[in-house]
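Student: Just passing along the structure, written as structure tokens.
2 protein chains.
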Amino acid sequence: MKPHAHKQHSHPRQELSALTNRLRGQSHKITGPRAAILEILRQHPHPLTNKEVLAALPKGECDLATIYRSMHLLEKMGMVKRFDFGDGAARFELVGEGDDGHHHHLVCTRCSEVVEIEECFPTEVEKRIATENGFKAVTHKLEFFGICPDCQ
Amino acid sequence: MKPHAHKQHSHPRQELSALTNRLRGQSHKITGPRAAILEILRQHPHPLTNKEVLAALPKGECDLATIYRSMHLLEKMGMVKRFDFGDGAARFELVGEGDDGHHHHLVCTRCSEVVEIEECFPTEVEKRIATENGFKAVTHKLEFFGICPDCQ
DNA sequence: AATTGATTTGCAGCGGACTTGCTTTTGGAA
DNA sequence: TTCCAAAAGCAAGTCCGCTGCAAATCAATT
Chain A
1226 MKPHAHKQHS HPRQELSALT NRLRGQSHKI TGPRAAILEI LRQHPHPLTN
1276 KEVLAALPKG ECDLATIYRS MHLLEKMGMV KRFDFGDGAA RFELVGEGDD
1326 GHHHHLVCTR CSEVVEIEEC FPTEVEKRIA TENGFKAVTH KLEFFGICPD
1376 CQ
Chain B
1226 MKPHAHKQHS HPRQELSALT NRLRGQSHKI TGPRAAILEI LRQHPHPLTN
1276 KEVLAALPKG ECDLATIYRS MHLLEKMGMV KRFDFGDGAA RFELVGEGDD
1326 GHHHHLVCTR CSEVVEIEEC FPTEVEKRIA TENGFKAVTH KLEFFGICPD
1376 CQ
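Listed in order, the protein sequences are those of chains A and B.
According to our numbering, the first sequence is numbered sequentially starting from 1226.
According to our numbering, the second sequence is numbered sequentially starting from 1226.
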């Protein structure tokens, strides 16, 4: 796996204070580990595994179990979005305020380079699929896989 | 998780002999466990986890490790297609002869009911995504999630 | 039909991702 | 400052999946 090169997220990088305020607003504590994790996510606007977050943290800063628990909290609060690239490790990305974070990626199957993708599955077709099958609250997970320019 | 109800696959159910012939044709042995696994897959034309296959087998018929190994073999031969519903367990489905097995599912997040979906991500858009980013051999994974009629 | 040898199986142990119970620490409100 | 609910650290445990090795087995050959 080579160093990640990514397209930037479309929404502006959030201030750390804005992020901690969102936490505080929900009556959660701003602890050292949580601030550190948010700062790492802020600095890497790309999907990161919990282990990658741990590695990016000043060592000894925080336990891996705490990262797992923090990600659950942030996910439940909608501050972070979970992605699955099919390699068995969940990845998390900061979500902009008021955004739902729904988007997709193009992932290189050789080097794991990740590109953010604007395109999405057509809403009308998804709605038709839902009603045809009587399902409610239908969403989708969609990721693209291929070989990046450097790996061809 | 209630009993699975599914739409039938569009391609006709294959004969077990046709399946074993495909194995034999690639100079693999037709062993008891392999025949039993193929028979289970044939009877359940829906994505099954390895543990579900084991449970469907007459008990003691075969070891879980053998199922893992057989699925790898069948996947490599293109006789089986791997799906990922995001719950941490891979699922496998028989693929028709000459088919690539590419299709998608609508999964109930409450009871895990699975419906096969005909629709697919527009090819032209996928091609555009590939060329715009310089990627080759681009495919996608796409699954839909929602609440099924019974669970609403 | 018996022989034989490479393939396959069963078993058991291992690794990685993720979770959880419990004790200690800590943020932040009173 | 005091105090306590919330959070962190640690360690053990769960679940999925993989692998090394000895024993079993398919199927080719005699």
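All C-beta atoms, glycine included, are put in the ideal place defined by N, C-alpha and C.
Going by the CB atoms, is the gap between Gly1371(A) and Lys1361(B) shorter than 7 Å?
Tutor: Closer than 7 Å, so yes.
Student: Restricting to Cα atoms, I'd like to know which of Gly1326(A), Cys1345(A) and His1253(A) is closest to Lys1366(B).
Tutor: Checked all of Gly1326(A), Cys1345(A) and His1253(A); the closest Cα to Lys1366(B) is Cys1345(A).
Student: Under a Cβ-count criterion, where at least 16 other Cβ atoms within 10 Å of its own Cβ denotes burial, should Arg1259(A) be classed as buried or exposed?
Tutor: Its Cβ being crowded by 16 or more others within 10 Å, Arg1259(A) is buried.
Student: Could you tell me whether any Cβ in chain B is nearer than 7 Å to the Cβ of Lys1361(A)?
Tutor: Chain B, which has a Cβ nearer than 7 Å to the Cβ of Lys1361(A), makes this yes.
Student: Anything in chain B within Cβ reach of Pro1374(A), meaning under 9 Å, just list it in chain order.
Tutor: Per Cβ cutoff of 9 Å: Asn1358, Gly1359, Phe1360 and Lys1361.
Student: Distance, Cα to Cα, Cys1287(B) vs Leu1279(B)?
Tutor: Cα to Cα, the separation comes out at about 7 Å.
Student: Distance cutoff 7 Å, beta carbons only. Does Glu1300(A) sit that close to anything in chain B?
Tutor: No - not a single Cβ of chain B is within 7 Å of the one on Glu1300(A).
Student: Straight-line CA distance for Leu1298(B) to His1329(A)?
Tutor: Distance between the alpha carbons of Leu1298(B) and His1329(A) is about 31 Å.
Student: Hey, quick one: how far does the beta strand (DSSP E) through Leu1331(A) stretch, first residue to last?
Tutor: It spans His1329 to Cys1333 - the beta strand (DSSP E) in which Leu1331(A) sits, taken as one unbroken run.
Student: Determine the DSSP secondary structure at Asp1309(B), reduced to helix, strand or coil.
Tutor: Asp1309(B) falls in the strand class under three-state DSSP.
Student: Using CA atoms only, rank isn't needed, just tell me which of His1327(B), Pro1347(B), Met1302(B) and Asn1358(B) is closest to Asn1246(B).
Tutor: Out of His1327(B), Pro1347(B), Met1302(B) and Asn1358(B), Met1302(B) has the C-alpha closest to the C-alpha of Asn1246(B).
Student: Below 8 Å on C-beta distance, what does Asp1309(B) contact in chain A?
Tutor: Neighbours of Asp1309(B) on chain A, chain order: Asp1309 and Gly1311.
Student: List the endpoints of the continuous beta strand (DSSP E) containing Glu1318(B).
Tutor: First-last of the beta strand (DSSP E) with Glu1318(B): Ala1315 to Leu1319.
Student: Pull up the DSSP beta-bridge partners for Phe1370(B), would you.
Tutor: Note: Phe1370(B) sits in a beta bridge opposite Thr1364(A) and Val1332(B).
Student: Output needed for Ile1292(B): all residues of its chain with C-beta closer than 7 Å, excluding positions within five of it in sequence on either side, in chain order.
Tutor: Within the same chain, Ile1292(B) has close Cβ partners Ile1262, Asn1275, Val1278 and Leu1279.
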